[in-house]
Amino acid sequence: MQFSQIYAEVGNLTPSTGVARDKQFVNEAYHSLNSERRWSWLVSTTSVALVAGQRSYVVLGTSPVVTDFDSPISVTLELTASGARRKLPRVDAQFFEDLTGHISTNAEPFVWTIQGGTAATTPSAVVQGGQQAIIVNPPIATAGHGVNLLIRYWRSASSIEMSADTDVPILPANLHHMIIDLACAKAMTRYNMAADAQMFMQSYQSQLAKAMDADQAMWSGDNDTLVLMPPVQVSNQSPLTAADRNPSTRPLPVGV
C-alpha cells in the first residue's frame, strides 16, 4: 500500500480533522511499529572506502558516510576489492583507547569502536543522532592494509519516514494494515474515543504477536548447523587387524 492509501483509510475510519493530521497519525504508528523490536527489514549493509591515515568515519552527524545509520551490527575489513575479508572485533570506547592509544604507525586495522564527536554548542546546531563515528585502529597506510569497511547496521527511523503519496512502508506488504490499525488507535485516543481506540489496539496487538513470530522464524528458520568435530588423534600404533577385533581371540584378564 502507498502512503496515500494508508492515510486515506485512516481518515475513513476515524473522525478525521484533515489530511495533515491523518498523515501524522500514520507516521507515528509507522515509527511505533518499527520500534517494537529489531525487525529483519531494518538490517542493511554498506561499503565505506578506507582513507590512508584516517581512523574516524562519521555515521551520525555532519556529512555521514552512512546516511541512514541508526546503530551498528558488525564491521568487516575488506582487504582487497571483492577479495579477502576479516571481521573486526568491537570493543567499548574506554578499552579501545587503553588498547590503541599509543599506536601511531599506520597498518592493518584490527579493532573498532563507536565514539561521539564534538558536541553542538547551541540547540539550532544539534544534529539528529548526535555526532557518532566508527573508529578503527590503526588506520591504513596503503591499500594492502585494506580497501573498504563493510558495515552491517540497523537503519534509522528518519530515513524511512513516509512523506510523498507514492512512498511505501519498508515492512512487508502483508503487514501494512497493522499501520492502519495502530494509526486509528492513536487517532481515537486523541479524539477521546476510548472504546474505539481499544478495539483498534487489540486488533493491532493480535497481529503484532503473529508478525513477531514470523520475523523470528525468518531469522532462524534456515540456519545450517555447524558441528565442530575434535581433531583426529594420530599415534604410532598399528591399526587393529580383524583378529585383534575378534573378542574370542582376546586373552582373559588376569585373575578371572
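Residue numbering for the sequence shown follows the numbering used here, beginning at 1 and increasing consecutively.
Even glycine gets a Cβ: it sits at the ideal position worked out from N, Cα and C.
All values derive from a computational prediction rather than experimental measurement.
When the options are compared against residue i, the one with the closest alpha-carbon
| i | options | result |
| --- | --- | --- |
| residue 70 | 43, 78, 96, 90 | 43 |
| residue 64 | 99, 116, 33, 103 | 116 |
| residue 109 | 102, 154, 84, 135 | 135 |
| residue 111 | 16, 137, 217, 102 | 137 |
| residue 68 | 33, 154, 18 | 154 |
| residue 200 | 4, 218, 25, 188 | 188 |
| residue 193 | 13, 4, 2, 87 | 13 |
| residue 218 | 4, 41, 17 | 41 |
| residue 165 | 205, 17, 23 | 23 |
| residue 33 | 58, 19, 160 | 160 |
| residue 295 | 190, 174, 142, 196 | This structure leaves residue 295 out entirely; the chain is present only between 1 and 256. |
| residue 141 | 83, 79, 208 | 79 |
| residue 157 | 213, 212, 60, 53 | 60 |
| residue 103 | 19, 172, 82, 53 | 53 |
| residue 212 | 107, 197, 25, 172 | 172 |
Whole-number beta carbon distance between residue j and residue i, since they are thought to touch under 8 Å
| i | j | result |
| --- | --- | --- |
| residue 6 | residue 145 | Residue 6 to residue 145, Cβ: 48 Å. No contact. |
| residue 328 | residue 90 | Lying outside 1 to 256, the shown extent of the chain, residue 328 is not represented and no answer is given. |
| residue 55 | residue 169 | Actually they are not in contact, since the Cβ atoms of residue 55 and residue 169 sit about 37 Å apart, beyond 8 Å. |
| residue 178 | residue 207 | 5 Å |
| residue 215 | residue 2 | Going by Cβ atoms, the distance from residue 215 to residue 2 rounds to 23 Å, so no, they are not a contact pair. |
| residue 15 | residue 204 | Not a contact, Cβ separation roughly 19 Å. |
Terminal residues of the beta strand (DSSP E) in which residue i lies
| i | result |
| --- | --- |
| residue 76 | 69–78 |
| residue 155 | 148–155 |
| residue 45 | 43–49 |
| residue 60 | 56–60 |
| residue 258 | Past the boundaries of the shown model lies residue 258; the chain is included only from 1 to 256, so the question cannot be answered. |
| residue 131 | Residue 131 -> no beta strand (DSSP E), and no H or E assigned at all. |
| residue 86 | 85–88 |
| residue 111 | 111–116 |
Exposure of residue i, with buried meaning 16 or more beta-carbon neighbours within 10 Å
| i | result |
| --- | --- |
| residue 9 | buried |
| residue 132 | buried |
| residue 96 | buried |
| residue 100 | buried |
| residue 11 | buried |
| residue 195 | exposed |
| residue 66 | buried |
| residue 84 | exposed |
| residue 93 | exposed |
| residue 256 | At residue 256 the pLDDT is 49, less than 50, meaning the model places this residue with poor confidence; the figure from the coordinates comes in the next sentence. Counting Cβ neighbours within 10 Å, residue 256 comes out exposed, since fewer than 16 surround it. |
| residue 20 | exposed |
| residue 81 | exposed |
Span of the alpha helix (DSSP H), counted from its first residue to its last, around residue i
| i | result |
| --- | --- |
| residue 21 | 19–34 |
| residue 13 | 3–13 |
| residue 100 | 93–100 |
Tell me, please, whether the segment 46–65 touches the segment 29–37 by the rule of three or more beta-carbon pairs shorter than 8 Å. No contact exists between the segment 46–65 and the segment 29–37.
Are three or more beta carbon pairs between the segment 69–87 and the segment 145–153 nearer than 8 Å? Result yes; three or more Cβ-Cβ pairs closer than 8 Å.
Do the segment 19–33 and the segment 177–193 touch if we need at least three Cβ pairs shorter than 8 Å? By the Cβ criterion, the segment 19–33 is in contact with the segment 177–193, since at least three pairs of Cβ atoms, one from each stretch, lie closer than 8 Å.
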